[in-house]
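Sequences listed follow chains A, B, C and D, in order. With this note's numbering, letter number 13 in the first sequence gets 31, and the count goes up by one each step, no holes. With this note's numbering, letter number 11 in the second sequence gets 16, and the count goes up by one each step, no holes. With this note's numbering, letter number 149 in the third sequence gets 172, and the count goes up by one each step, no holes. With this note's numbering, letter number 26 in the fourth sequence gets 43, and the count goes up by one each step, no holes. The structure under discussion appears below in the form of structure tokens.
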Amino acid sequence: MSHAGFIFAAYAMAVVVLAGVVGWIIADGRALRRRLADLEVRGVRRRSDRREEQAT
Amino acid sequence: MTAFLALVGLSARLSFGGRSGGALVGLVFFLAVVVVVPFAVGPDMNLLSRIGPAVLWIGALLASLLVLDRLFGDDRSDGALDLLRLSDLPLELVALAKGLGAWLATGLPLAVAAPFLGLLLGLSPNTVLSTTATLVVGTPALTMIGTIGAALMAALGRGGVMIAVLVLPFTIPVLIFGVSAAAAPAMAPAPFLAPFLILIALTLASLVIAPIAAAAALRAGLD
Amino acid sequence: MTKKAFNKIADGLTEAIAIARGEAKPAHLSVPSDNPPPLKRRGIVPTTPSMSLVDLANPTRFLGFSQRLLPFTWAVALGLLAVGLYMAFFTAPADYQQGDTVRIMFIHVPSAWLSMGCYGLMAIASLGTLVWRHPLADVTAKSAAPLGAAFTFLTLVTGSLWGKPMWGTWWVWDARLTSELVLLLMYLGLIALWQAMDDQGRAARVAAVLTLVGTINLPIIKFSVDWWNTLHQPASVLRLDGPTIDISMLIPLFVMAGAFTLMFAALLMMSMRNEILRRRVRTMELTAAGLGA
Amino acid sequence: MTTPDDRAPAAGDHAGYGPGRDHVRLTGTGLAAVRGLRTIFSDLSFAVAGGELMTVTGPNGTGKSTFLRIVAGLMPAAAGEVAVAPAREDGHAALIHYIGHHDGHKASLTVRQNLDFWRRFWGGGPIAPALERVGIAALDNLPIDVLSAGQKRRAALARMLVAPRPIWLLDEPLTALDAAAEAMLGDLLSEHLAGGGLALVATHRALPVAAARTLRMEGP
């Protein structure tokens, strides 16, 4: 195959860029979910029953 | 030393995602300068590769200055500057730490991006190398000179492009020797080492002089 | 693909449609359930007029809907990708002029299409933000920008790797390449704008205005760049324009384009889910501050 | 006072300055401040010893904030000088805690990250007990910009507890604080004074702690 280096470099870059995007999105999502769980453990609800939480 | 390093870390962290710019805006600005030049001078690769080192240096110069405008201004308006002064670390070292942190977050990425932008301008591998090397060595000087401007901006209580107006003249020596060294491989018999060493000297001098000047500006602007 | 996996995905799809129609309740978002609640698979008769965008506008419903749809999208995308890659390397012939480097086209061209399609999507989303105040529109616009930048970057890189052996240089200031580079600048500017503003609602409207100004400006930029380029020495660039491509190359190209588009859709959904969660975290942090002390 | 062992890092521990009284002394002689061409105050003298609280009172515009900033060394005095005894080679900046109109927090960081920076920058003790003491322990992981003004002020107080210092200069510390926080600040001040520290507090409202001295600012 002529210029195999360039072809594979191009495909490798595609893999690197897409894997980078996927990795970033997954890591971001995990961090957010952890944060959400942490806030929920602390008794934060999105709506209502706040007074009750404060009492405990 | 712990205090100094802690401040370098904080400065890098805040500069990286800062409100008035940050690393991303600096890089995009750098890219924009490089993209705009061919529209003005034409897509002639021979011409572009000849002026390439100069274009990269001008882009890096403006980008590294413009992201610094609120380096001390934010500290002043949120009260942190007062707290930074209530310590055994002299204000000069506070300025040095802030400058180094800002360089790590905004100056160094410019030097790292330079080889890729060099491809757009058709630089030869040797010129790419020399330009990157001069930017790694020279951007600390630009950022440190920028801290003087940032300190003046804090005293004025403003942000924005004015920082470039204030300190651009002081960066001329850095630009002269930076570009001479960077363009040396393209201008066959031109020497590389001499201007490169002078560039290093300028950077070292700026690391000493700029913090003193920035601290003086901060003190002068107190109220 | 095993039959079991296929069934699971098919169930997910059915469920996604049901959720979109508002007939099924999505599993709670913050507790990703391993075994989704059993679904009535029969009797999904549209009682409401139809599944409309309004139903999807509810972020919670979107979370449930996308959670079911994602595995399906990924599966099809990766399947198409596998087929496309096989065809690209083994069935597509080498070009008589460019040799094997033409195989770079199968990732370069789909990326380029997506880089432009993504901007179109953002323009529509911006209209959604400004005109209809659609709750998911600004989430879409914000999430799409980094993806658009990534595909634009990929277009430029693969183009560069294609250009080096063909033209002997990494880069020429050709009209198409230059326009693509300007597009990258616009994406990066939008990302910076989103990043610089704390108030996401305001950022959405400002970014929407900038996106739409960009849409109006794009043809002008394109025209100017073409004019600028022909004014100077036109670069003798080999072009693969439209119908001259042989069908044996066109089929793998379309397969790869399909795979890339589905991957983009999947990434966009994941990114939008993150964005919705980010806003919830922010709301809950404000609530937490209200609770504490 | 509680025994040192079970005490939270309270306001009383000052490296080298506690616990005996009169170790630290803050004096100002003939101080004057000029802003623009207007003299704000002149010939102002005071002396405060360890264990004493001095309140600074007076109508708006008489220079209470300016006075505190001059004492802190954050602003040069037009005349006169401020001295701290015993004298220290590196100057007295590191002996002073100052709380001004702005809390000095970095909005993009969490409460803990903010305090952690100051702990490393100034040197100091653990953060958690300090947050506990000012009643915002539950908020330590929140970005500081979601906090209310009163909560931010509490975080600023916690910062003083993390790195104990003998001189407190507080400019209107009661602003934005609720009744509970006001009482808490009173306790902190009492502990600080009992530990040999001194405090200058500019305020319009009555403090929950008895002041040994009062400096009444009446203008030039």
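All C-beta atoms in this analysis are idealised placements derived from N, C-alpha and C, irrespective of residue type, glycine included.
Pairs of beta-carbons, one from the segment 131–141 of chain B and one from the segment 191–203 of chain B, closer than 8 angstroms: are there three or more? The segment 191–203 of chain B and the segment 131–141 of chain B touch, with three or more beta-carbon pairs separated by less than 8 angstroms.
For W196 (chain C), tell me which candidate among C:E298, C:T253 and C:M292 has the shortest Cα-Cα distance. C:T253
Report the partner residues of I113 (chain D) according to the DSSP bridge assignment. D:I184
Exercise. Since A45 (chain A) and I130 (chain C) are thought to touch, with beta carbons under 8 angstroms apart, how far apart are those beta carbons, to the nearest angstrom?
Worked result: About 24 angstroms separates the two Cβ atoms, so there is no contact after all.
| query | When the cut-off is 8 angstroms and only beta carbons count, does A311 (chain C) lie next to chain D? | reply | yes
### Query
When the Cα atoms are used, what is the spatial distance from L213 (chain C) to T56 (chain D)?
For L213 (chain C) and T56 (chain D), the distance between alpha carbons rounds to 50 angstroms.
* For G237 (chain C), I'd like the list of residues in its chain whose CB is within less than 6 angstroms of its CB, leaving aside the five on either flank, ordered along the chain. => M209
Notebook entry, point to check: From the DSSP output, which residues share a beta bridge with V279 (chain D)?
Noted result: Any answer about residue 279 (chain D) is impossible in this case: the structure gives chain D only from 18 up to 237.
For this session: Under 8 angstroms by Cβ, that's how I've got A180 (chain D) and R150 (chain D) pegged, so tell me the actual separation to the nearest angstrom.
Result: 14 angstroms between Cβ atoms; not a contact.
C-beta contact flag for W136 (chain C) and A280 (chain C) at 8 angstroms:
Judged by beta-carbon spacing, A280 (chain C) lies within the 8 angstroms limit of W136 (chain C), meaning their Cβ atoms are closer than that value.
Considering only the beta carbon of each residue, do A222 (chain B) and A156 (chain B) sit closer than 8 angstroms? yes
Worksheet item: Does the beta-carbon of G53 (chain D) have 16 or more other beta-carbons within 10 angstroms, so that it is buried, or is it exposed?
Response: exposed
Exercise. Check each candidate in C:A146, C:D123, C:A289 and C:A164 and name the one with the smallest Cα separation from S89 (chain C).
Key: C:A289
Alpha-carbon to alpha-carbon, L54 (chain A) and R301 (chain C): Cα atoms of R301 (chain C) and L54 (chain A): separation of roughly 9 angstroms, rounded to the nearest angstrom.
Does S62 (chain D) come out as helix, strand or coil in the three-state DSSP assignment? strand
- Cβ of V179 (chain D) less than 8 angstroms from any chain C Cβ? no
Inset, instruction - Identify whether A219 (chain B) lies in helix, strand or coil by the three-state DSSP scheme. - result: Per DSSP, reduced to three states, the secondary structure at A219 (chain B) is helical.
- CB of E97 (chain B) within 8 angstroms of CB of A220 (chain B), strictly: In this structure, E97 (chain B) sits near A220 (chain B), with a CB-CB distance shorter than 8 angstroms.
The segment 163–172 of chain D touching the segment 190–202 of chain D, judged by at least three CB pairs closer than 8 angstroms
yes
Quick check: the Cα distance between L50 (chain A) and V40 (chain B), rounded to an integer number of angstroms? 36 angstroms
Report the CB separation of L85 (chain D) from A219 (chain D) in whole angstroms; it is logged as a contact under 8 angstroms. Rounded to whole angstroms, the Cβ separation of L85 (chain D) and A219 (chain D) is 6 angstroms, and the two are in contact under 8 angstroms.
Requested in this report: Below 9 angstroms between beta carbons is the criterion; list the residues of the segment 182–195 of chain C that meet it against any residue of chain B, in chain order.
Outcome: Legend: CB atoms of the segment 182–195 of chain C lying less than 9 angstroms from CB atoms of chain B belong to residues S183, T192, W193, W194 and V195.
Could you give the first and the last residue of the continuous beta strand (DSSP E) run that contains E98 (chain D)? From DSSP, the beta strand (DSSP E) with E98 (chain D) extends over A96 to A102.
_Am I right that I184 (chain D) and L43 (chain D) are in contact with their C-beta atoms under 8 angstroms? What's the rounded C-beta distance?_
6 angstroms
Notebook entry, point to check: Can you find a CB in chain B that lies within less than 8 angstroms of the CB of K169 (chain D)?
Noted result: No - not a single Cβ of chain B is within 8 angstroms of the one on K169 (chain D).
Suppose the cutoff is 6 angstroms on Cβ atoms and the five residues either side in sequence are ignored; what does the same chain contact list for V99 (chain B) look like?
Same-chain partners within the cutoff: L89.
Checklist entry - Shorter than 8 angstroms from the beta carbon of G117 (chain D) to some beta carbon of chain B? => result yes
Query - Limits of the unbroken alpha helix (DSSP H) element including A3 (chain D) - result: There is simply no residue 3 (chain D) to check, as chain D begins at 18 and stops at 237 in what is shown.
- Anyone know if the C-beta pair for M48 (chain D) and A96 (chain D) falls short of 8 angstroms? Looking at the sequence itself, residue 48 (chain D) is Leu, so the reference to Met does not match. The answer is yes: Cβ separation under 8 angstroms.
**Asked** Is it true that the CB of P48 (chain B) sits closer than 8 angstroms to the CB of S129 (chain B)?
**Response** Contact: no.
*With 7 angstroms as the C-beta to C-beta threshold (strictly closer), list the residues of the segment 200–229 of chain C near chain D in chain order.*
none
Bridge partner(s) assigned by DSSP for A219 (chain D)
D:V73 and D:D188
Exercise. Out of C:L92, C:G87, C:M286 and C:T124, point me to the one whose CA is closest to I25 (chain A)'s CA.
Key: From the listed residues C:L92, C:G87, C:M286 and C:T124, the smallest Cα separation to I25 (chain A) is found for C:T124.
* Asked: With 16 as the cutoff for other CB atoms within 10 Å, does P49 (chain C) come out buried or exposed?
  -> Unreliable positioning characterises P49 (chain C) in this predicted model, as indicated by a pLDDT of 49, which lies under 50. The coordinate reading is nonetheless provided below. Residue burial annotation: P49 (chain C) is buried, with at least 16 other C-beta atoms found within 10 angstroms of its C-beta.
How close, in whole Å, do the beta carbons of I144 (chain D) and L91 (chain B) come, if the pair is a contact with beta carbons under 8 angstroms? Between I144 (chain D) and L91 (chain B) the beta-carbon gap is near 19 angstroms, outside 8 angstroms, which marks them as no contact.
Alpha carbon of L204 (chain B) to alpha carbon of A111 (chain D), nearest angstrom: 38 angstroms
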